[in-house]
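Trainee:
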Amino acid sequence: MSLEEFEYIYNVYQPNERQKLLNIANNNLSITDNTKLLSLKQQCQEYLQTHHDIPIQQLLDRLTVTIHVREFGGESKDTTFQETTQKIWHYLEKQNTWYQNDFKLLLTILYHFPLETLKTITPKILTNLVKYTNLYNIKPLQLTLLTNLASIYLDNRQTKECETFYLEALKLAKELKRYDLLGIAQVRLGICRDDNSLIDKGMSLLHLTEEEKIFEST
Numbered sequence: 717m718s719l720e721e722f723e724y725i726y727n728v729y730q731p732n733e734r735q736k737l738l739n740i741a742n743n744n745l746s747i748t749d750n751t752k753l754l755s756l757k758q759q760c761q762e763y764l765q766t767h768h769d770i771p772i773q774q775l776l777d778r779l780t781v782t783i784h785v786r787e788f789g790g791e792s793k794d795t796t797f798q799e800t801t802q803k804i805w806h807y808l809e810k811q812n813t814w815y816q817n818d819f820k821l822l823l824t825i826l827y828h829f830p831l832e833t834l835k836t837i838t839p840k841i842l843t844n845l846v847k848y849t850n851l852y853n854i855k856p857l858q859l860t861l862l863t864n865l866a867s868i869y870l871d872n873r874q875t876k877e878c879e880t881f882y883l884e885a886l887k888l889a890k891e892l893k894r895y896d897l898l899g900i901a902q903v904r905l906g907i908c909r910d911d912n913s914l915i916d917k918g919m920s921l922l923h924l925t926e927e928e929k930i931f932e933s934t
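Numbered per the numbering used here, the sequence shown finishes at 934, counting up by one with no gaps.
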């Protein structure tokens, strides 16, 4: 057993306080109920009172933005929200290579960018994602990033980019057997193409996975 394998097993079965926070984040950042996220945010704040820890600080920043967007939307003028968003981007734009945690940070602020800015950084996003093509554990994150990118381009009526990213998301969703995200991609690709049959196909899949409520307000 290698040292890396030992450390992984040790952290999974006997996690310290820091690792517990990271484990909770990995399991809960996609939950729609903010209660657990607010609890995790408080735990991070308490931990940082006695520790200087960049990953936990970045986790706290992600939580701050995520919770605020869920409560008030991405167009908020709240000072803390704006400052935290800028802080995350100032860190990311200095990095030549983005790693898994960087992609998580990017996902948090993706909807903050004006369309023209997003277009300029999209090539960098894709270039960095290609480096992780063969790493299975990053593929769910890659799928979420592609889906969100496609959604932003769809919202801005950029049909060429929208179609490109949704086609990639479709392939990845099938590979990962994420039928909820496959259905979402089919519906939105159908909207992009004005293809009612594809929209119906996606809605049928979402009905089977009990996720059709996603489009109830659209």
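Idealized CB from N, CA, C, for every residue including glycine.
Would you decide whether residue 816 is buried or exposed? Buried here means 16 or more other CB atoms lie within 10 Å of its CB.
Mentor: Residue 816 should be labelled exposed.
Trainee: For the alpha helix (DSSP H) holding residue 784, just list the boundary residues, first then last.
Mentor: Per DSSP, residue 784 belongs to the alpha helix (DSSP H) from 770-788.
Trainee: Can you tell me whether residue 923 is buried or exposed? The criterion is at least 16 other CB atoms within 10 Å of its CB, across all chains shown.
Mentor: Looking at its Cβ environment, which holds fewer than 16 other Cβ atoms inside 10 Å, residue 923 is exposed.
Trainee: Near residue 792, which residues of its chain fall below 7 Å by C-beta distance, leaving aside the five closest residues on each side in sequence?
Mentor: Answer for residue 792: 784, listed in chain order.
Trainee: Please state if the CB of residue 777 and the CB of residue 800 are separated by a distance shorter than 9 Å.
Mentor: Result yes, Cβ atoms of residue 800 and residue 777 sit closer than 9 Å.
Trainee: Which runs of the alpha helix (DSSP H) fall wholly inside the segment 852-908 and span at least 4 residues, in chain order?
Mentor: Segments of the alpha helix (DSSP H) lying fully in the segment 852-908: 855-871 and 875-892.
Trainee: Measuring straight from C-alpha to C-alpha, what distance separates residue 934 and residue 766?
Mentor: Confidence in residue 934 is poor, its pLDDT being 48 and thus under 50, which makes the residue's placement unreliable; the coordinate value appears in the next sentence. The straight-line gap from Cα to Cα measures roughly 46 Å.
Trainee: So, at 7 Å on beta carbons, what are the nonlocal neighbours of residue 824 in its own chain, with the 5 sequence-adjacent residues on each side left out?
Mentor: Here the set comprises 778, 781, 782 and 804.
Trainee: Only counting the same chain, and skipping five residues up and downstream in sequence, which positions put a Cβ closer than 8 Å to that of residue 883?
Mentor: So the list reads 905, once near-sequence residues are dropped.
Trainee: Span of the alpha helix (DSSP H) holding residue 803?
Mentor: Residue 803 -> alpha helix (DSSP H) spans 795-809.
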